[in-house]
Amino acid sequence: SAEADFVLEPGDIRLVGTGLVLEMPEHLECQVRPRSGMAVKHGVTLPNTPGTIDPDYRGEVKVPLINLGREPVAIARGERIAQMVFARFATPTVDEVVEVGETARGDGGFGSTGRG
């Protein structure tokens, strides 16, 4: 966090400034993800994970934190509150159709392949 020390109360959501500004090529996005240690030890995570930063965004990177735990959590300036992953992406052309082709799976989802 680039902000002054603060306490995140149980149930609170706070948008935390990082002090970072990115300039990315147009084929990259930045995904902001929670740190597993903060989630497991303190119940602090991101409510919108992964958060996406588009390549044309030029403002400060801010991270929404939520305290899902039962105790207040102190966050110190400079503490690592999230992690970023950079990924290539494509922007395909989407066409509206009346019918789609058949596959072996069909429209089965959410466990329909027999795993899990």
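Taking my numbering, the leading residue of the sequence shown gets 608, the next gets one more, and so forth. Beta carbons: idealized from backbone N, C-alpha and C, even for Gly. Being a predicted model, the structure only gives us computed values, none of them experimental.
- Inclusion of R695 and D612 in the CB contact set at 8 Å is not warranted, their separation being larger than that value.
- Exposure of I620 is indicated by the presence of fewer than 16 other C-beta atoms within 10 angstroms of its C-beta.
- Counting along the chain, V647 sits inside the alpha helix (DSSP H) bounded by residues S643 to H649.
- Assigned with DSSP and collapsed to three states, P671 falls in strand.
- When only Cα atoms are considered, T710 and P679 end up about 50 Å apart.
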